[in-house]
Each structure stands twice: as C-alpha cells, then as structure tokens.
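The next block holds one structure in the form of structure tokens; read it before the comments.
Residue numbers (our numbering), protein chains in the order written: chain A, 18 to 620; chain B, 18 to 620.
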C-alpha cells in the first residue's frame, strides 16, 4: 500500500523530470550517483519512514515532550530514530567522503528529508539540527574540534543544536548577551538561550550546542558576536564525558509539534561551562548565516511536507465519505438517489485542488532551492556558480515563507474538507493544522524573511539577484509560448511579473530617497505577491514538462498523471495567481499608514 | 482596569452611534428601554463576564470536557454560569414579557452575548442553545409543552440543545434517519445524533433536546422531517423527573473550545424514549431554519468576539515587548540605542491593523444583522418589515461566514505578533487560534453558507435581496461622497460593487441555462468577495460617523478615537478591499475546472 502521507509519483516527477536531478549528478562531486541509485536510496528512506516515523506521529502529539526533574522526557523513538538516521547516512549525507559523508547532492537529501517530514514532522528536526551543527563545525572549526565531534554526530550518537535566541532579544540578534571569557585554550560561557529545538532530552549521551555569544567588551550589534561549540558533556582525552554545566531550565509547551522539544538552557550557572571558539572572533553571525540559509529552506521543506501529508489525508477522506447529492438540471437534488461521495462536490474539489497546487508547488520550490544550492557549489563554471548563488540568495526567503504561510492555508482547507470531523482529535487534520503553524515563525518569522527579501536580496549588488530571477521566469515563459495550450498562461504570468516589477520600481524610489522604513513597510505584502508568482512560474514549468511527456513517447508516467498536472496548473492560474492583482495594488499605495505613530492608530 | 478582552468604547460606538440602537428602541415593543438602560445592562454583563467567565477561560482549555462512566464531566463553572445567566435574564432576554422574557431588542442581546464570548467562548454556548431551544418551543409548540419547559429553561435550571446531525448524514439533512413512532399522545424516538453541543453533562438536572426525526413512511428528503421535544428526563405531573432513555455515548475530543462539550447521543436504545411533536408533521426543518438564522448570526458573533479578544491580547503584548530597532535614514540600525517596542515596527502595525479592521468590521456586521432582525419584527410599516426581512436573509450567511473565516486569519496574525511565544501554551493566542477554527464549520460550513448565499439569497424573488443590499451600500456611498476625505473611498467601493455585480450577471447566465452546478461552483469565492465588500461598506459608515463626530460638537468620544476609526477605514481600503479585484477575476473565469470528474483531477 502506498504511504498515506505521500504522493511518491509526484515527488519523483518533480525531482527527476521537472528539476532534472540527472543533470546535477553529472558534476564530478556526485560521480558515484545516478538517478537509479538516488531512487533506490529514496525507496529505503520511504521504508524507513513507514516503519520508524509514521507509526509514532499521533502518539508523539498525544504524549508531548515535557520537563520533569530537571530533564525533558521525550518519546523513546527520538533516540532510536537518531541512531537509525545516522546509520543510514541521513545526517552526514551532504558531507565529503573525507568527513565521513556520502557526498550526496542536496536535492537528493531534500527529497529524503521531505519524505520523513511528511511521515512525522516531530522527529526529523533532531537529525536536521545535528546536521546543521556538524556542518558549522566542519566548515569553520579547527581539526581538533572536528575530530572530537563529527564522528559521533554523523552516527547520531550525539545530537546538535543551534543556540541563537535569548529571552531579552528574541528575533533581534544584535542584543545577544551570552558572555564568553577566555580561560586557557577555551572560554567560560555564561548566559541563557530559549526556544532551542532538540536542546536536551532524557538519555541523550551528549548534545553539541553551537552557541552565539560575545566576548566582554565586544562591539555592540551583530558584528560583536562569536560562535562557540559548547557540549552538554565535555570530552576527556580518554573519551570520558564530564558534565559541562549546561542546565535545562524548562521545555516550552506548544500548540503543535509537541514531540519536538523546545528547551530553555542555562550555560554556566555554576561557573563551570566551557566553550571552544569556532573560527575567528566576531564572525559568529556570519558563520551562522552561512548555515541559516540551509536551515530556512529546511523549514520551507518541512511545511511543504506537512501540506502534502494533509492533502493526502483530505483526499482519501473525500474519496470515501458519502454525503449530499449533486444538483440536477432543475437545480434540485434527487432525494431518492444514493448520496454521492463528497469528492464529487465542486467546492470540495476546489479545496482539494487548492491543497494540491500549494503542496506540490511548495515541493517544487524547495527542490528548486536545493538545485540552486547544488549548482552554486559544484557547477564547473565559476560565473555559473555565482549566478546560482545569487538565485539561491533571492529564492531562500521565498522557499522558507511560501510553504509555511500557504501551507497553513492549505491545511486549513484540508481540515474544512472533513467538516466537523476535521476539528476532532480522532482525525489527523487538526494535528497538521496545529503542527504547521510554527513554520511561519521558525528561523526568522515571515516578517523577517520579507525584510530580507525586499531589503537585502532584491537590492543586493544593484539588483542582480532580482534580475536573474526575472530572467529565469522569462525563460520559462518563452518556452511555454511554443505550446498553444500553455501560451495564454505564459502571457498571464508575464503580465503579473511586469506589474510586480513596476511596483518594485515604485518602492525603490522610497529607498533612493533614504526613506527605508517606508520602502520596507509592505515587505510582507511583497513577499506574498512574489511567492505567489514564483509558484505560478514553477507550475508553468510542471505543465510544460507534463505536456512534453504527453507529446513524446515518454511512458514514465501515466497519461492521466500528465493531464492532471496540466489541469492543476490551470487551477492555479485561475484561482491563485489573480490574487497578485490586488497585492500589486497594495504595493502601489501611497498612504504609508503603518508608518504612523501607534498612538494615532490604536485605541 | 479595562477588561483585557474587550474594547468597550468601540462596542458602544458601533452599537449606539453607527447602528443607532436608539432608533430601534423607539418601537413600542421596546418602550421600557432607552440607550442608558441598555448601557447599564451591558455594564452588568461586562462585570458578570469579568467575574464568572474570563477567570475560567484558560482552565477550561487545560481541563477539557471528557466522557467518563457514561457521563461527560465538564468544568463546574458550566452549571454555575447557566444559573447566573438565567437569573440575569440572558436566556430569556428576547422573549415576550408574557413568556417570562425581557422584550429586549436583539441588538442589545447581541452586544451582551458578544461580551461574554470575548471573555470566554467555552461557556456562553450552553446558554445560547438553551435560548434557541426555548425559542423553538415558544414559537411552534403547544401551550402544554411551553408551560412544562420554558420556565425552567429561562432560569437556566434546565438547558437545551438542537439535535440535527447524524453520523451517516453530516451536513446532508435530507438523510436524517432518526425515527418517531406514534404512541398515545407522544412518540417513541429512536436514533443517534452527533456533534450535539452542550448535549449532556454531569449534574445536569434536565436537558431539553429539540430533535429532528422522521415518521416511518415519511417522504424522503427534507420535506419528511418533523421536530420533537425529547427531554433527558421526562417530567411527571408532580414535577418529578424520570430518565427518558437518552444515553450519552461519548464526547468528541476537539482541537479547541474544549470546555464546550460536543456529544454523541443515542435516543431509545432501550425502547423507552419519548418525544413530543412540535407544530405540524413534516415541518420540522422549516421550524428549525427559522431559528437557524439566529444561530448562524450567533456563530458569526462568537467568532467576532474571539477575533476582538485576540486583537486586544496582541495589542497589549506589542505595547510591552521591546525588540529590535527602527531604521535610520542610512537604512541601518543604531545598535547603541535602546530596543524599541515591537508596536513601532511597520509590519507589526500592519498585522495589528488587520486584526483591528477584521475584528471591529465583524462586530459591525453582526450588529447590522441584529438590527435587521429587530426591524424585520418590529417596524410599524409592513413594507419596511419585509424589506428588513429580505436584507436579513442575504446578510445572514455573510454575518456567519466573514467573522469565522477572516476572524481565523486575524487571530493567526495575532499569534504571529508574538513570534515564538504565540505558539506557546503559556500565551493565550494559540488558544484563540484553536478555538476560532470551529466557527467556519458550526451551523453549516462556509461552503454551505456560500451555496445558500449565491444559490438562494441572491436569486430569491428575482433578486430582491441582492438589489436591496446594493441599494443600502449605494446609500452609504452617496452619503460619504459629501466628504472630501471619504469621497475617494466611496468611489473605490462603488467600483468594487459594480465589478461584482458584473460577475453575478455572468454567473446567473449559467443558472438561466440550467447549469446549476456551474452557477454555484465558485459560491465560496463569491462569498469571500461579497463579505470583503460588505465589511468595506460598514467601515465607510464607521468612518462617516467618526467624521460627523469630529465635525460636530459631539464629545461622546475622544478626537483621537474618531481619527483612529477613519485611519482604520483607510487601512481596510488600502490593504483588504483590493483583494476583491482578483476574486472578481476568479468569478469571471470560464474554465469550470471543479466540475470535472475527480479521476481527471486527482492522482
């Protein structure tokens, strides 16, 4: 039986056909892979997800992680999962062979993580953050730290975290106060961190924290922040472990993702917490942000996976639940007839198509970002690497935000498909609804992603990334124009891109006058508009690939599969893309209401 | 200290000024009331809400209603609340003096219920359904049933329910199977009902169920449904109570509104359940729908109240939480300066203004509906009563749906204002987010309301209700045109109404060709568009009233209060109303994708 949380055929189509993983695999770094071997790997991940992740999805919600006697109790599957994920190479997949990794392309790992997240979004974060922490050590720390931590992290014996947020600072990293004082070859660390995902849990042998902190007297702001490795347990020369004065003060109880602990940590309350500097002083945030891009795309990927799982759940309910009747030509219902399945009601089809286009569009978006990552690292031509790097820069905040925001909307539609049952704990939709809501907050809220998109990425290097993105979209439009069927949609997309370009020009005038608050005031609206357009672009590419499949002798997929993809594109262009007309209007407004003083606005 | 869940000044302004309760109170039925006495009544309801509702809001979520030993345990405050609500006349407020009521206008009770629902949405439903059940008995049952049940329901000693939904039928009431068999002067009832709010709970002395059922051999469809009073306990001539074979099979565990029990009831499992016919046979659904309109507006009111409470919570957080800094003219942040309060960030102001315009717009909408109710019953001129009746018909599904759908969106924005804390159980926003999600499902889902709006209300009597609504909006536009400041917004609203009118004309062509499925396929999109426009209309009226206040010697409210209302209107017209441009485009589409066979659409 197919997994109830995944459409494996669509994942394969997007990965291998639309985003052409095969062409990425021709880079020398990936010489040991071909599409068949990646497909086999993904099959093993799907089996793993069926066996080790999905069965625990509901019970991790029902029995949340919780703080007790100075420790956080988590579901016993957490430790088992981490070890198995380590054994399968899911933590080290991206790393060089020399670092114990598999030199796998990001696109392949993205698909693998997506499958796991669709199966049970409460577990993969434990491995994902271990990967992220290990990646920071690998890239920026010295060999001694690498040798000490990487092998045990690769196997999942030790896990890792990213410690950024502090109670008084929240999203404002400039205000981090955790302090590092030199002492011998290491540093004394003291301070508190909150919202640390997977921060600590009962039975963890060791947790390797990557901690942002300041030297006393470091310059204020983000330029005075350094990065440290601070293990829960220090490692002796003989490999023995000694507690490192990292205390767990609590676990944040949450509305969703309850199985994934969210800790409050205190470093050095007893004056005995040691950290080791990673790279150079004051470069901590720079290092962290190198990894943060990956973390942001990973958040989008998780949200995309939940949206897909919720879509599959709604679809299967709609196919089985009889209720009501269709209207006959007199506008009445024949009450003597059998009830019809709810999937036959147009409004239910509309909700399911909305879920489908958002879920699959989001998946396509995160695969695109992963492709940009791979090519920015491995393309043989330096100019192309730079081009992909710039594309990656502008697509990252969108790949984080669209799946999170629209994924929430799509899961809400999915809950609605079930009517009253959707709200009931016996059905899974309400869990997806609660779980996915955090994704608009993780790793920089939607507001912060939007400031990054408009304030940094659109303007970077005189607009190079924005121009490259428009070029990519224009290339797809040109290609689609060759098809009679696709041409009207290509034209519609072209119009929307042009209109948004006009709005960007109008906003940039504020920036050039030095009115940056006004320039960025509607950044979130800009994000919603550009995200909608980007996913429209990706749907045009999907439809083009499907049409190629229909027109060629290609029998990789069923003909109805191709036709459904084209129909879904048409749905998106009919129901979703028109939203950008109003959003572009909003961006052109000259009111500036949100710049006024709060006392003029709020009672 | 002002209640943390309410903006009493805005409630008063909308009730007494914008919707002019005073003019309704001139009707003879309400001769014992004047604005002052209603204001005093509302003050007592606010005190009651502070003391008896709000303190239990969080704990009713933390300790949900639950099924145990054949009974449902609810928070002890449920019974206390019902009795006190009864004592205050909150259950019988609308009824005639002769029926033990207060002959209060619906507008006043709407405000009173709104205050309670903002304080704690888990409790007022127990009283609200008792009111609804009593109203059905008062309107349609014989005197014997009235005398038996009404006095004890008015006092809250006994509560009431509406029993419609059955497991196999869901929203499709045609398929109700609960059976009634004549036996002496009553009927034997047998069948099951699900999703019965307040259906039964530990310690309830009696629960009076209003049950839809069929006689054996009754015609199929909705025309064969009759209405029965079926008490939990039968009342002997001496007033003694005997169990009436109504068993509680379970309580639906839910994502939100956990303190409000949602029961599964079995009638007549032992063959000893008696019911009494209300009114005539086969007229049950007709009776039920007379009350259903009120119930639907009540759902919108509850959602509007939660949106308001959530707005107040976000606003007060944003005023207290320092984080980040404003940009200086070089586009940088001065890291040496103190952090600023988050309410100073434009994106936070945007989210708060969105919450404000949705919450206050929703309140204005439910007050409008209540005003229509009052005038359709009490206006001395019969033609005017009919006019208000028709306006009530078309506004009801909108008053149910806009606050539910957009209220959810606004609470989600409210959660986002708090960042990570918004997702945490220690903060109230996540509870509002979970609680409000049911309102799009209660009393007919958004899809069903939308079919009602476009399929019945817009087309009824050759479009009379639609024309009357457009006339009302046009009157407001004309009035606003007298003001330089309001004129551009009036013009914008006029354009949107005209464009939507064009879309309606285009849709009606399908209906006139007998293609009703196609006519109604995008009913939900139509609902979203019309709801947005209607609330835009109400904001124009609010702004006009505020401008009148500014221009006159009226000192009922502060000048900043009036200015804030005008600013909120401008925000709505800048950020919300433009959405209708895209929605109208969607309504004009000729694709008909959602009419296709599911197998052509879904993988």
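By construction, the Cβ of each residue, glycine as well, lies at the ideal position given by its N, Cα and C atoms. Since the structure is predicted, the reported quantities are computational estimates derived from the model, not experimental observations.
Nearest residue (CA-CA) to residue i, options the options
i	options	result
residue 100(B)	229(B), 37(B), 610(B) and 220(B)	220(B)
residue 386(A)	313(A), 547(A) and 544(A)	313(A)
residue 30(B)	377(B), 525(B) and 498(B)	377(B)
residue 425(B)	463(B), 311(B) and 333(B)	463(B)
residue 582(B)	138(B), 440(B), 557(B) and 572(B)	557(B)
residue 185(B)	298(B), 282(B), 210(B) and 198(B)	210(B)
residue 86(B)	250(B), 218(B), 369(B) and 473(B)	218(B)
residue 134(A)	371(A), 395(A) and 452(A)	452(A)
residue 492(A)	222(A), 317(A), 24(A) and 561(A)	561(A)
residue 549(A)	591(A), 154(A) and 477(A)	591(A)
residue 114(A)	130(A), 81(A) and 171(A)	171(A)
residue 72(B)	39(B), 90(B), 95(B) and 390(B)	95(B)
residue 343(A)	48(A), 168(A) and 363(A)	363(A)
residue 277(A)	574(A), 510(A) and 90(A)	90(A)
residue 461(A)	159(A), 316(A) and 169(A)	316(A)
residue 360(A)	616(B), 45(B), 407(B) and 433(B)	616(B)
residue 319(A)	568(A), 143(A) and 576(A)	143(A)
residue 294(B)	321(B), 370(B) and 202(B)	202(B)
Test: residue i CB closer than 8 Å to a CB of chain C
i	result
residue 272(A)	Of the protein chains in this structure, namely A and B, none is chain C.
Cβ of residue i within 8 Å of any chain A Cβ
i	result
residue 500(B)	no
residue 430(B)	no
residue 21(B)	no
residue 610(B)	yes
residue 277(B)	no
residue 566(B)	no
residue 263(B)	no
residue 26(B)	yes
residue 414(B)	no
residue 617(B)	yes
residue 506(B)	no
residue 580(B)	yes
Through-space distance from residue j to residue i, alpha-carbon basis
i	j	result
residue 57(B)	residue 112(B)	20 Å
residue 485(B)	residue 470(B)	14 Å
residue 375(B)	residue 325(B)	9 Å
residue 13(B)	residue 153(B)	Any question about residue 13(B) goes unanswered here, given that chain B covers just 18 to 620.
residue 373(B)	residue 140(A)	38 Å
residue 399(A)	residue 392(A)	10 Å
Environment of residue i [buried if 16+ CB atoms lie within 10 Å]
i	result
residue 60(A)	exposed
residue 226(A)	buried
residue 513(A)	buried
residue 605(A)	exposed
residue 585(B)	buried
Beta carbon proximity, residue i to chain B, threshold 8 Å
i	result
residue 18(A)	For residue 18(A), the predicted structure reports a pLDDT of 48, less than 50, and the residue's modelled location is therefore unreliable. A value from the coordinates is still provided. It does not: the Cβ of residue 18(A) has no partner Cβ on chain B nearer than 8 Å.
residue 138(A)	no
residue 379(A)	no
residue 420(A)	no
residue 310(A)	no
residue 361(A)	yes
Neighbourhood of residue i by C-beta, 6 Å cutoff - its chain only, sequence neighbours within 5 removed
i	result
residue 630(A)	The shown model of chain A, from 18 to 620, leaves out residue 630(A), and the question about it has no answer.
residue 272(B)	451
residue 334(B)	435
residue 285(B)	206, 207 and 262
Proximal residues to residue i (C-beta, below 8 Å), its chain only, five neighbours per side dropped
i	result
residue 18(A)	Confidence at residue 18(A) is low in this model, with a pLDDT of 48, below 50, so its placement is unreliable and no value can be given for it.
residue 165(A)	252
residue 538(A)	609, 611 and 612
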